[in-house]
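With the numbering used here applied, the sequence shown covers 102 to 240.
Backbone N, C-alpha and C define an ideal beta-carbon position, used for all residues, glycine too.
These figures come from a predicted structure and were not determined experimentally.
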Amino acid sequence: MSADCIFCKIANGEIPSGTVYEDEDFRVILDISPAAKGHCLILPKQHGKNLLEMDDAVLAKVFPLAKKIGQAMVKATGAKGFNVVQNNGEAAGQTVEHFHVHIIPRFDAKDSMVLWTPLSYEEGELEKVKESIVKEIHG
């Protein structure tokens with residue numbers, strides 16, 4: 102736990118929140134500035150600034166929990182689907198430096214939430230980017 106981290110304080114029960122689920126590793130709360138009604142945040146009790154700083158054992162529990170929350174959210178809100186969003190770094194839209202996952206109910210594909218505008222690669226660029234990533238993965 103980080104003493105100055107607002108999400109650590111919420112996840113560990115030091116600050117009241119709209120908790121919808123809690124276990125030994127996580128607290129799931131309603132986002133106070135939601136993209137849609139029912140928008141939840143999965144907050145690990147362990148502090149890590151982003152995905153790259155989290156223990157693999159904790160990360161292995163994130164998607165099963167996201168599934169559980171998503172199923173409950175769809176039933177409770179009547180949503181037609183949901184997004185699972187996780188931002189890493191300011192450039193990616195991360196505003197709190199504590200790893201967390203957004204579970205956002207979607208009621209209509211044409212709502213106000215836009216995830217990205219598709220781009221395209223120039224000729225040969227896709228292969229270069231692919232090779233750079235493969236090199237980093239395999240050393």
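Simplified DSSP assignment, three categories, for residue i
i           : result
proline 59  : The displayed coordinates of the chain run from 102 to 240. Any statement about residue 59 would go beyond what the structure contains.
glycine 182 : strand
leucine 220 : coil
Alpha-carbon spacing of residue i relative to residue j, whole angstroms
i                 : j                 : result
proline 135       : isoleucine 204    : 10 Å
glutamate 125     : threonine 178     : 26 Å
glycine 225       : lysine 231        : 10 Å
isoleucine 141    : threonine 196     : In the sequence under discussion, the amino acid at residue 141 is cysteine, which differs from the isoleucine named in the question. Cα-Cα distance, rounded: 15 Å.
phenylalanine 208 : glycine 114       : 31 Å
leucine 166       : isoleucine 238    : 27 Å
tryptophan 217    : phenylalanine 200 : 21 Å
glutamate 223     : lysine 229        : 11 Å
valine 202        : glutamine 147     : 14 Å
alanine 104       : alanine 137       : 30 Å
lysine 181        : proline 206       : 8 Å
phenylalanine 108 : isoleucine 234    : 32 Å
Within 9 Å, strictly: CB atoms of residue i and residue j
i                 : j                 : result
leucine 153       : asparagine 189    : yes
phenylalanine 127 : proline 145       : yes
glycine 243       : phenylalanine 183 : Outside the shown range of the chain (102 to 240) lies residue 243, about which nothing can therefore be said.
alanine 84        : valine 215        : This structure gives no information on residue 84, because the portion of the chain shown stretches from 102 to 240.
glutamate 198     : lysine 150        : yes
Status (buried if at least 16 other CB within 10 Å, exposed otherwise) for residue i
i          : result
serine 118 : buried
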